[in-house]
């Protein structure tokens with residue numbers, strides 16, 4: 001793992017990182033001791049100030065490795081450190097430092113689904129450098145079949161390979177490695193180089209490792225599938241992004257091998273319990289309830305109970321202040337699985353592979369069972385099936401008392417998350433996306449003219465709605481109406497569909513010049529009418545010009561209406577009064593026309609660059625080598641119509657478990673396996689190539705990320721293949737929502 005981190009451009013650690021870090025820690029400590037001796041005559045406060053300043057410099061800020069100092073407690077305050085350093089004879093003549101790597105840092109959704117933490121070094125490491133075949137630092141490059149040199153291996157691939165190696169070692173598994181995609185093949189080769197000697201002479205349980213590049217299927221994470229967990233992650237607010245120390249250091253250094261760390265969307269969702277538990281009809285009970293939740297959610301430190309009581313008292317005063325009630329959102333925010341209460345884990349595991357309706361019915365059932373177990377009466381009408389209005393009364397009833405809230409926090413938080421995701425304000429937008437994506441999918445099966453017309457219609461509708469909101473002074477989109485950013489995501493979906501369904505798609509795009517020209521003009525008009533969208537990456541630098549242009553257009557419209565009215569009223573009184581001002585007005589008009597032309601030319605150039613990137617997305621099928629022969633498309637389907645609407649993971653596992661040939665799937669044999677294959681094969685002692693279907697444990701890892709829909713489809717592939725005996729684990733770099741994909745492809749995390 002030291003070698004993996006040393007190959008990372010942003011990391012200051014070298015090949016002998018642990019020993020170097022130990023030496024630097026000891027050196028820092030000795031410097032502190034020396035400074036404490038020389039400054040012993042100074043007042044204690046001055047010494048503390050200098051020591052704290054010294055600690056804030058250099059290697060004391062490193063967070064890449066963990067160090068254990070057995071002679072010093074980690075919880076010592078500044079004055080304690082001073083006391084210890086001021087009397088070195090109490091500590092000993094030599095400080096013993098031991099640095100160890102702590103592997104297996106992951107973010108589990110269930111025992112069979114996990115991703116990397118969004119702030120971890122693996123998730124933040126880039127997966128591709130900027131070149132013609134790359135889309136984003138957070139996604140693998142296109143699988144063109146051209147192998148990269150060792151120096152060009154991105155640090156994300158190296159760190160991922162080392163993580164999978166440590167995972168197999170901890171689970172005592174012998175991995176049979178299969179890969180699909182160029183970067184996955186690179187990771188597989190790194191794994192084999194690490195594990196070849198380790199496998200010799202060891203008898204371990206065999207397992208299949210399937211590594212897949214995310215760029216082989218960008219459509220599935222871009223679409224809004226039928227998954228309750230996906231709806232939750234798209235609807236719930238998340239913790240705000242923060243800049244890590246590695247990113248600060250990376251921005252201050254010149255990187256030679258690639259970009260600095262990318263910022264992943266935080267996975268820490270914030271469930272707004274204070275909104276759901278608020279009772280409008282009884283403010284007193286509401287405040288008592290919020291106080292109880294506040295006391296429960298605050299971490300209790302038994303060693304410092306006095307200060308905790310003071311903090312709770314101060315926070316209680318804030319809650320009693322009605323004006324600050326809404327501002328304390330984080331105070332009452334929950335999460336799916338808390339560190340002090342892991343009872344939400346089985347609930348989250350059960351709904352991961354459920355459709356939206358099935359998952360909602362399960363949540364309702366769990367709430368009803370919990371209410372009966374707590375012997376709580378809830379006054380509400382029960383409906384057959386599921387109704388969103390049934391959840392909130394049961395949530396409030398369970399959270400009314402502190403013991404009940406403590407016992408049932410897991411189901412309360414999950415039910416509150418489902419309530420937010422199924423709220424009309426979020427549900428209508430998600431359903432609007434599903435409708436638009438179904439229309440695009442149906443049009444892609446028809447003609448390019450039909451698909452281009454549907455994309456243009458989506459852009460025009462979003463522009464019209466945005467224009468009305470600008471005139472009305474609204475900044476928030478109406479319910480069920482898609483914004484221009486939403487339209488951009490649908491454009492990405494449309495171009496990927498066009499590339500998959502029209503084989504003539506090439507570098508010039510899947511549509512004719514006339515069809516694409518109409519789309520460009522629609523996008524330009526939409527941007528001119530909605531300058532607030534200038535925050536998008538491809539419009540950086542045009543915000544002020546677009547705002548000024550829109551203000552001028554609004555002013556001209558108002559002035560034209562007023563001028564027409566005045567001309568009608570005063571025509572008989574003064575027919576010649578305005579003639580003297582015509583020359584000045586003409587000069588001003590010429591300057592405005594010139595400025596408008598400059599802005600439109602610049603805007604057209606930006607939009608042309610956007611469509612060049614869309615052309616690259618439409619060529620995914622032809623440029624990704626494993627997809628060229630159409631083995632995963634509907635024309636070659638051997639199962640039927642349901643197969644066509646599934647993602648790549650479902651199709652891949654279905655073919656592999658059925659022992660069908662999978663184009664581009666590479667098996668990485670070990671050193672011993674290659675020896676049997678090449679050397680002993682001539683004597684009839686060769687080994688047969690292992691099959692993924694022969695494994696009782698299968699680990700599927702997607703480089704770039706996964707979503708909830710794929711978790712469900714993978715389980716469906718197992719069920720339909722009749723293999724309930726297989727223990728399947730699905731994992732990826734991060735958990736992707738459609739908004740995350742828009743950021744990776746067209747946002748700040750894109751190479752576009």
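Residue numbers (the UniProt record's numbering): 1 to 752.
In this text, a Cβ means the ideal position worked out from N, Cα and C, and glycines have one as well.
For the beta strand (DSSP E) that contains residue i, what are its first and last residues?
| i | result |
| --- | --- |
| residue 484 | Counting along the chain, residue 484 falls outside any beta strand (DSSP E), though it belongs to the alpha helix (DSSP H) covering 484-501. |
| residue 667 | 666-668 |
| residue 171 | No beta strand (DSSP E) holds residue 171; DSSP gives it neither H nor E. |
From this set, the options, which residue's C-alpha is nearest residue i's C-alpha?
| i | options | result |
| --- | --- | --- |
| residue 263 | 139, 96 and 725 | 139 |
| residue 352 | 398, 226, 100 and 437 | 226 |
| residue 359 | 229, 666 and 179 | 229 |
| residue 269 | 118, 370 and 208 | 118 |
| residue 379 | 385, 389 and 373 | 389 |
| residue 428 | 630, 234 and 35 | 234 |
| residue 356 | 523, 108, 231 and 371 | 231 |
| residue 730 | 392, 649 and 665 | 649 |
| residue 184 | 170, 487, 711 and 215 | 215 |
| residue 382 | 391, 374, 424 and 158 | 391 |
| residue 431 | 705, 106 and 223 | 223 |
| residue 492 | 371, 440 and 396 | 440 |
Taking buried to mean at least 16 other C-beta atoms within 10 Å of its own C-beta, is residue i buried or exposed?
| i | result |
| --- | --- |
| residue 394 | buried |
| residue 418 | buried |
| residue 495 | buried |
| residue 406 | exposed |
| residue 660 | exposed |
| residue 647 | buried |
| residue 237 | exposed |
| residue 110 | buried |
| residue 513 | exposed |
| residue 30 | exposed |
| residue 27 | exposed |
| residue 605 | exposed |
| residue 89 | Low per-residue confidence applies at residue 89: pLDDT is 46, beneath 50, and the placement is therefore not dependable, though the value from the model is reported in the following sentence. So residue 89 ends up on the exposed side. |
| residue 146 | exposed |
| residue 98 | exposed |
| residue 208 | buried |
| residue 205 | exposed |
| residue 176 | buried |
| residue 694 | exposed |
Name the DSSP beta bridge partners of residue i, please?
| i | result |
| --- | --- |
| residue 729 | 699 |
| residue 110 | 113 |
| residue 801 | Not covered by the structure: residue 801. The range shown for the chain is 1 to 752. |
| residue 180 | 212 |
| residue 269 | 238 |
So residue i is in the alpha helix (DSSP H); what residue range does that whole segment cover?
| i | result |
| --- | --- |
| residue 378 | Premise fails: residue 378 is in no alpha helix (DSSP H) and is neither H nor E. |
| residue 100 | No alpha helix (DSSP H) contains residue 100, which is instead part of the beta strand (DSSP E) from 98-100. |
| residue 212 | Looking at the DSSP string, residue 212 is not in any alpha helix (DSSP H); the run it does join, the beta strand (DSSP E), is 205-213. |
| residue 273 | 273-276 |
| residue 712 | 708-720 |
| residue 441 | 424-444 |
| residue 395 | 391-399 |
| residue 385 | Run containing residue 385: none; DSSP gives neither H nor E here. |
| residue 621 | 620-623 |
| residue 403 | 402-407 |
| residue 221 | 219-222 |
Would DSSP call residue i helix, strand or coil?
| i | result |
| --- | --- |
| residue 132 | coil |
| residue 153 | coil |
| residue 511 | coil |
| residue 185 | helix |
| residue 238 | strand |
| residue 126 | coil |
| residue 21 | helix |
| residue 735 | strand |
| residue 629 | coil |
| residue 704 | coil |
| residue 352 | coil |
| residue 540 | coil |
| residue 749 | coil |
| residue 105 | coil |
Does residue i have its Cβ less than 8 Å from a Cβ in chain C?
| i | result |
| --- | --- |
| residue 512 | Any reference to chain C falls outside this structure, which holds one protein chain only. |
Mind checking whether the beta-carbon of residue i lies closer than 7 Å to any heavy atom of the ligand PLP?
| i | result |
| --- | --- |
| residue 275 | The ligand PLP is not among the ligands present in this structure, which contains no ligands whatsoever. |
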